[in-house]
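Enquirer: Provided herewith is a single structure, encoded as structure tokens, for subsequent inquiry.
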Amino acid sequence: MGLLEDWHQVAYNERADRTALQRLWSDYFAHEKKIYAELLKNPDEEVKGTVKELAEKYGITIQYMTGFLDGIQESLVTPNEIESNLTEDSVVSLKFDKEKLYKNMVAAGANWLYELPEWDAIYDADTRRRLYLEQKRSGTIVKPKKIYPNDPCPCG
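Residues in the sequence shown are numbered consecutively from 772, following this note's numbering.
See below:
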């Protein structure tokens with residue numbers, strides 16, 4: 772079984788103790804925030820290495836690094852092959868698309884990530900607001916006005 776499956780079993784285990792699971796997620800989110808803060812300092816630099824090397828670089832467990840890779844996957848310029856047997860020695864890249872990353876953070880409701888001060892150096896307040904609203908609108912369903920039987924014909 773690969774690292775990704777192990778992460779999913781631990782992080783999304785419905786039979787696990789709720790307090791232990793909350794502790795796991797709050798600890799993970801704290802580490803995730805530090806990694807993103809580090810990555811956003813040099814957003815155009817490609818960070819590359821094995822899962823083990825990156826875990827050591829950011830001072831986290833391999834399990835947390837796997838969770839991080841799972842979370843950032845959709846925001847990467849070139850997605851990593853994490854679905855098919857990810858191991859400690861798999862080489863991965865953390866080169867992300869800034870706009871996609873910001874929108875995915877908004878979509879996930881991760882305000883502790885999309886409100887990081889490091890974003891100030893990347894996007895101004897107006898651009899961040901525009902990206903935020905674009906993402907929020909993309910999930911909003913707008914239904915056309917319903918025409919009822921006794922309403923006048925809209926065609927004239």
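The beta-carbon is built from N, C-alpha and C at its ideal position, and this holds for glycine as well.
#1: Are Gln834 and Trp778 close, meaning C-beta to C-beta below 8 Å?
#2: CB Gln906 to CB Val877, shorter than 8 Å?
#3: Judging by CA-CA distance, which residue of Tyr885, Asn784, Ile912, Lys916 is the nearest neighbour of Arg901?
#4: Going by beta carbon distance, what residues of the same chain come within less than 7 Å of Tyr903, once the five residues before and after it are set aside?
#5: Using only the alpha-carbon positions, how far apart do Glu809 and Glu816 sit?
#6: I need the straight-line Cα distance from Ala801 to Leu887, nearest angstrom please.
#7: Which one of Thr790, Pro923, Asp860, Leu811 has the shortest CA to CA distance from Glu870?
#8: Just tell me which of Ala881, Tyr873, Gly880, Arg908 has its CA closest to the CA of Asp891.
Expert: The structure says:
#1: yes
#2: yes
#3: Tyr885
#4: Val877
#5: 11 Å
#6: 12 Å
#7: Leu811
#8: Tyr873
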